[in-house]
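For the sequence shown, the working numbering gives the first residue as 729, with consecutive numbering after it. We put the beta carbon where it would ideally sit given N, CA and C, even for glycine.
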Amino acid sequence: MSHPGATASDRHKVVIIGSGFGGLNAAKALKRTDVDIKLIARTTHHLFQPLLYQVATGIISEGEIAPPTRLILRKQENAQVLLGDVTHVDLANKTVDSVLLGHTYRTPYDSLVIAAGAGQSYFGNDHFAEFAPGMKSIDDALELRGRILGAFEQAERSSDPERRKKLLTFVVVGAGPTGVEMAGQIQELADQTLKGSFRHIDPTEAHVILLDAAPAVLPPMGEKLGLKAKNRLEKMGVEIQLNAMVTDVDRNGITVKDKDGSSRRIEAACKVWSAGVQASPLGRDLANQSATEVDRAGRVKVNPDLSIPGHPNVFVVGDMAFVEGVPGMAQGAIQGGKYVAKIIDNEVKAREHGTMPKPREPFSYFDKGSMATVSKYNAVAQVGKLEFGGFIAWLAWLGLHLIYLVGFKTKIATLLSWAVTFLSRQRGQLTITEQQAYARTRIEELEEIAAAVQEERAS
Ligand SMILES: Cc1cc2nc3c(=O)[nH]c(=O)nc-3n(C[C@H](O)[C@H](O)[C@H](O)COP(=O)(O)OP(=O)(O)OC[C@H]3O[C@@H](n4cnc5c(N)ncnc54)[C@H](O)[C@@H]3O)c2cc1C
């Protein structure tokens, strides 16, 4: 165990876990505060998750939505970016343990901001992940791109009609915004971009199914917008199956239980999971050491100031926190990150001046609305009481995503990629590699080999 980065500075030490919306915004908001920030994250980039589906379907490249965190913070001299997987927070000793390539580093803190987000939830069926990847990371998106395009390639080589049908059936589980966007884009990829590029199969015969255990599409956006999205998807050719609960997933397809209790199979080679989230296990680590609790989704029940009970210097923000009325969306994390930075700034300045800090106001969330694209030139949006869909909503979606993408170059590159896709039928990022398509299986094989070697050594 070592203490790299430990400085002689006696400045207030802020450790931030995560370089997503919550962590990055907390770090940036502390730019002018006299503190030493260490931002520890398990990836070197800041990921703009809302556009992952466009990486998976070949519209944009991964670099466009994942700029390196250290370049974003290059000019912020009070911040150091550290790569590492945080495995433990020691609340009593005020330290954070992170692992990089088998080496554990211990970092002390005075204030801690935990913004480690959430992963995919398979509702206790983690083995589904092997056959139905979720979409939470660049790895996931590239793997899905490999699986989607790989299915068309295999179908072209198959002379068995049943197998071809299975290869050209795509099932997206979960009809929330990500599922809707993903289903729409697979359908457009097949109908527009790939059309005419195969000789043995007709890609437009691809069968895209969007299914959900709930009775509606886009439930958080209300009945009217849900219906709009459903109608549009159906018009494009996507089959919507509601009240359909997935009970099993395997290499060749999924098993579904319908509302009437009957069970059926859908043969499909390519499955995408976008049905649920589970907050970072660091939440449970905190709950084991403090009076706080986690809810069923693993989110930490925080105080009104986003700190955890008994530890006013430890804050949890974004997808990891449970705050009544705050959705698991980018704005919740951005606003939470900025809010806790303001508390830290206020208290550090009060200490410097030997005055009492202003009492902490409770966190209050400002709902800026939500939106989802359904297809090219079509989206649904909800801003306050206003609900609208179609081209105007799509333009609003386009503008807002450009505003929130980090970095000027990223915005220009994304805009160019969108121009290629939206003004023509082309997509600029249809490259797939063997590594992308099979990485998960190969890593699992490596893990199995490593476990077998260890077992052999032990015996
Ligand atoms: C596919 C998809 C589409 C979405 N679309 C939208 C949308 O259209 N609009 C919207 O508002 N929201 C959308 N969201 C939700 C939004 O992206 C999240 O609410 C937001 O990213 C939460 O921010 P966060 O900072 O809490 O977590 P994240 O942004 O997930 O960041 C978590 C950070 O913690 C790091 N991390 C995790 N565990 C560890 C660890 N143990 N050690 C070190 N680092 C760790 C990660 O590497 C990452 O840097 C979408 C999410 C997904 C997955």
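**OP:** Quickly, what does DSSP pair GLY981 with across the bridge? List them, please.
**Re:** Within the sequence shown, numbered from 1, the residue matching residue 981 stands at position 253. For GLY981, which the question treats as bridged, DSSP gives the partners ASP978, GLU995.
Original post:
What is the residue span of the beta strand (DSSP E) that ASN1041 lies within?
Top reply: Walking along the sequence shown from the start, residue 1041 turns up at place 313. It spans 1039-1044 - the beta strand (DSSP E) in which ASN1041 sits, taken as one unbroken run.
**OP:** On the DSSP bridge assignment, give the partners of GLU967 in chain order.
**Re:** Start at 1 with the first residue of the sequence shown, and residue 967 comes out as number 239. Looking at the DSSP assignment, GLU967 forms a beta bridge with ILE937.
Original post:
Using the rule of at least 16 other Cβ atoms within 10 Å of the residue's Cβ for burial, across every protein chain shown, is ASN980 buried or exposed?
Top reply: Locating residue 980 in the sequence shown gives position 252, where the first residue counts as 1. Flag for ASN980 reads exposed.
Original post:
Any C-beta of chain B sitting closer than 8 Å to the C-beta of VAL936?
Top reply: Although the question refers to chain B, the structure presented lacks it and comprises just one protein chain.
Subject >> Check: TYR1105 C-beta below 7 Å from any heavy atom of ligand 3 >> reply: This structure simply doesn't include ligand 3; it includes ligand 1 instead.
**OP:** Answer yes or no: do GLY748 and GLY1046 have a C-beta to C-beta separation smaller than 8 Å?
**Re:** Here residue 748 refers to the residue found at position 20 when the sequence shown is read from its first residue. Here residue 1046 refers to the residue found at position 318 when the sequence shown is read from its first residue. Yes, the Cβ-Cβ distance between GLY748 and GLY1046 is below 8 Å.
Subject >> As assigned by DSSP and simplified to three states, the class of HIS855 >> reply: In the sequence shown, residue 855 corresponds to position 127, counting from 1. Looking at HIS855 - three-state DSSP - the assignment turns out to be helix.
Original post:
Going by beta carbon distance, what residues of the same chain come within less than 7 Å of TYR1105, once the five residues before and after it are set aside?
Top reply: Here residue 1105 refers to the residue found at position 377 when the sequence shown is read from its first residue. The answer, listed in chain order, is PHE1119, TRP1122.
**OP:** Kindly examine ligand 1 and report whether one of its heavy atoms sits closer than 7 Å to the Cβ of LEU775.
**Re:** Translated into positions along the sequence shown, residue 775 becomes position 47. Yes, Cβ of LEU775 sits closer than 7 Å to a heavy atom of ligand 1.
**OP:** Taking all protein chains shown into account, decide if ILE1140 is buried (16 or more other Cβ within 10 angstroms of its Cβ) or exposed.
**Re:** Against the sequence shown, residue 1140 aligns to sequence position 412. The residue is exposed, with fewer than 16 neighbouring Cβ atoms inside 10 Å.
**OP:** Kindly give me the distance between the Cβ atoms of GLY751 and ALA843, rounded to whole angstroms, as I take these residues to be in contact under 8 Å.
**Re:** Here residue 751 refers to the residue found at position 23 of the sequence shown. Here residue 843 refers to the residue found at position 115 of the sequence shown. The pair is a contact, with the Cβ atoms about 4 Å apart (cut-off 8 Å).
Subject >> ALA794 Cβ short of 7 Å to ligand 1 heavy atom set >> reply: In the sequence shown, residue 794 corresponds to position 66, counting from 1. No; taking the cut-off as 7 Å, the Cβ of ALA794 has no heavy atom of ligand 1 nearer than that.
Original post:
What's the C-alpha gap between LEU1126 and GLY1004?
Top reply: Start at 1 with the first residue of the sequence shown, and residue 1126 comes out as number 398. Start at 1 with the first residue of the sequence shown, and residue 1004 comes out as number 276. Their backbone Cα atoms lie some 25 Å apart in a straight line.
Original post:
Beta carbon of SER1008: closer than 7 Å to some heavy atom of ligand 1?
Top reply: By 1-based counting over the sequence shown, the position of residue 1008 is 280. Checking the Cβ of SER1008 against ligand 1 gives yes.
**OP:** Provide the residue(s) that pair with PRO836 in DSSP beta bridges, ordered along the chain.
**Re:** In the sequence shown, residue 836 corresponds to position 108, counting from 1. According to DSSP, which records beta bridges pairwise, PRO836 is partnered with THR823.
Original post:
Using the C-alpha atoms, what's the distance from ARG1155 back to GLN1188?
Top reply: Residue 1188 cannot be examined here, being either before or after the span of the chain that is shown, 729 to 1187.
**OP:** Report the option in GLU967, GLY989, ILE968, GLU962 whose CA atom is closest to the CA atom of THR975.
**Re:** Numbered from its first residue, the sequence shown carries residue 975 at position 247. Comparing Cα-Cα distances from THR975 to each of GLU967, GLY989, ILE968, GLU962, the minimum goes to GLY989.
**OP:** Measure the alpha-carbon distance for ALA941 versus ASP838 and round it to whole angstroms.
**Re:** Within the sequence shown, residue 941 is the residue found at index 213, counting from 1. Within the sequence shown, residue 838 is the residue found at index 110, counting from 1. If I take the Cα positions, the gap works out to 45 Å.
Original post:
Among residues of its own chain, excluding the 5 on either side of ALA769, which ones have a beta-carbon nearer than 6 Å to its beta-carbon?
Top reply: Indexing the sequence shown from 1 puts residue 769 at position 41. Excluding sequence neighbours, ALA769 sits near GLY746, SER747.
Original post:
Quick one: what does DSSP say THR1101 is sitting in, helix, strand or coil?
Top reply: Position 373 of the sequence shown holds residue 1101. In this structure, THR1101 counts as strand in the three-state DSSP scheme.
Subject >> Cβ-based burial, PHE776 [other Cβ within 10 Å; buried from 16] >> reply: Along the sequence shown, read from residue 1 onward, the residue named residue 776 stands at position 48. PHE776 should be labelled buried.
**OP:** Would you mind giving the Cβ-Cβ distance between GLY690 and SER1002, rounded to the nearest angstrom? I have them listed as a contact below 8 Å.
**Re:** What is shown of the chain runs 729 to 1187, which leaves residue 690 out entirely.
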